[in-house]
Amino acid sequence: MTKLRLGVLASGRGSNLQSIIDACSVGNLPAEVAVVISDYGEAYALKRAQLSHIPAVFVDPNTFGSREDYDTAVVEVLQTYDVELVCLAGYMRLVSRKMLAAYPNKILNIHPALLPSFPGLHAQRQALEYGVKFSGCTVHFVDEGTDTGPIILQAAVPVLEGDTEDSLAARILEQEHRLYPEAIRLYALGKLVLNGRKVSVIK
Ligand code: GAR
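If you count the sequence shown from 1, position 160 lands on 271 in the numbering used here, and the numbers rise without skipping.
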């Protein structure tokens, strides 16, 4: 079976990237990470890519005048590696129309909350401050909004008495590491059907 070529964009520690690499390597996922790109040169995600012998590319945002110009450079790298699906994994930049046009309905993101609640930064803090009893994570297609695209999969976790941002984040992260590879697997197998903002999973 031919493998879907993934481009993973990550700004930080890259634990979601690692869960995707691991799922690909044990054969759970008919996909391979073709390239990892970061907007932060020191991102541990780049190191993880190198350790797995995956091309790791730092594209420095400071050398571009606009988000569009930056994304043009990122798209060039993605195309160089024949990427078919872009996975944002702790990528802390908004994607511009340039990237959306190059990869229409072919960009996924994982967010650490049950969208549409708590989009944007510090989702776990927002959930704690609001006082919800459940939070979780969401994998969704990326559109021009912030965490507004069609929802593919969600997983819920309880918010416990005495939770801190860190303890809640850790409980959610455990689910992220399961959910993201599963969403990519469904995409790779052609099992996701997008109809407006609704995503159906074909059995
Ligand atoms: C994850 O919790 C991810 O959901 C979140 O950043 C963390 C990255 O961790 N993403 C966002 O908040 C995007 N808005 P990781 O670098 O270990 O994968």
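Think of the CB as a built atom: it goes at the ideal place given N, C-alpha and C, for glycine as much as any other residue. Please read all numbers here as calculations on a predicted model, not as lab measurements.
Check: residue i C-beta below 7 Å from any heavy atom of the ligand PLP
i: A134; result: This structure does not include the ligand PLP; its bound ligands are the ligand GAR.
Endpoints, alpha helix (DSSP H) assigned at residue i
i: N127; result: S126 to S136
i: S278; result: E276 to A299
i: K244; result: Looking at the DSSP string, K244 is not in any alpha helix (DSSP H), and its letter there is neither H nor E.
i: L211; result: R208 to A213
i: R159; result: Y155 to L162
Cα-Cα separation, residue i to residue j
i: T113; j: E195; result: 12 Å
i: S136; j: K309; result: 31 Å
i: S207; j: P261; result: 17 Å
i: G125; j: V119; result: 10 Å
i: F169; j: K209; result: 19 Å
i: R296; j: E287; result: 14 Å
i: I132; j: V270; result: 29 Å
i: I283; j: Y151; result: 24 Å
i: A167; j: A156; result: 9 Å
i: F245; j: A134; result: 27 Å
i: Q190; j: G301; result: 21 Å
i: N220; j: L290; result: 11 Å
i: D180; j: D171; result: 11 Å
i: A184; j: L305; result: 28 Å
i: F175; j: L232; result: 23 Å
i: S130; j: E285; result: 10 Å
i: E276; j: L239; result: 7 Å
i: Y241; j: L205; result: 25 Å
i: S163; j: V268; result: 31 Å
Residue closest to residue i, alpha-carbon to alpha-carbon, out of the options
i: V243; options: Q265, L225, F175 and F252; result: L225
i: L303; options: I165, L232, G231 and F252; result: F252
i: G230; options: M203, G301, K158 and Y291; result: Note that residue 230 corresponds to Pro in the displayed sequence, not to Gly. The residue with the shortest Cα to Cα distance from P230 is M203.
i: G256; options: I218, V188, D274 and P166; result: I218
i: N173; options: L157, Q190, S149 and L189; result: S149
i: I165; options: L117, N139, D171 and G176; result: L117
i: A234; options: L199, A280, G273 and A299; result: A280
i: I313; options: I263, Q129 and S122; result: I263
i: L140; options: D171, F245, A294 and G307; result: A294
i: K158; options: G247, L128, G138 and L205; result: L128
i: L115; options: P292, G307, L162 and S311; result: P292
i: A299; options: E179, C198, A184 and R178; result: C198
i: V186; options: L211, L162, G176 and S177; result: L211
i: G307; options: D254, S130 and Y241; result: D254
i: P227; options: N216, G247 and G138; result: G247
Anticipated Cβ contact below 8 Å, residue i with residue j, distance rounded
i: T249; j: Q265; result: 5 Å
i: A121; j: A213; result: So it is not a contact: roughly 19 Å between Cβ atoms.
i: D182; j: H222; result: Going by Cβ atoms, the distance from D182 to H222 rounds to 20 Å, so no, they are not a contact pair.
i: A154; j: G123; result: 6 Å
Where the beta strand (DSSP E) through residue i begins and ends
i: V188; result: No beta strand (DSSP E) contains V188, which is instead part of the alpha helix (DSSP H) from R178 to T191.
i: N306; result: L303 to N306
i: L117; result: L115 to L120
i: P269; result: I262 to P269
i: I143; result: The identity of residue 143 in the sequence shown is Glu, whereas the question assumes Ile. Segment A142 to S149, the beta strand (DSSP E) holding E143.
i: K217; result: Unbroken run through K217: none, as it is neither H nor E.
Three CB pairs or more closer than 8 Å across the stretch 144 to 156 and the stretch 188 to 205: yes
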